[in-house]
Amino acid sequence: MTDSGLELYARYKERAKQFSNVLFVGRLAEYRYYDMDAVIAKALTVFKNKISVQ
Numbered sequence: 033m034t035d036s037g038l039e040l041y042a043r044y045k046e047r048a049k050q051f052s053n054v055l056f057v058g059r060l061a062e063y064r065y066y067d068m069d070a071v072i073a074k075a076l077t078v079f080k081n082k083i084s085v086q
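Numbering (my numbering), first residue to last: 33 to 86.
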């Protein structure tokens, strides 16, 4: 990722902190490329760790 891309990602990440009731996951949330199987695995992990009642 370029320096300008990292800077933009840092700005997005900081702004996302304003939304305490929203979880950003996946390609756009992490500002990087993922294969779809990795995106689904990440979403399931976030659900398991942050959302589901254990």
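Where is the CB? At the ideal position from N, CA and C, for every residue including glycine.
Query                                                                                                                                   : Result
Counting beta carbon pairs with one atom in the segment 70-79 and one in the segment 55-62, are three or more of them shorter than 8 Å? : yes
Give the DSSP-derived three-state secondary structure of F51 in the structure shown.                                                    : coil
Could you have a look at V71 and say whether DSSP puts it in helix, strand or coil?                                                     : helix
When you compare each of V54, N81 and Y63 to E39 by their alpha carbons, which one comes out closest?                                   : Y63
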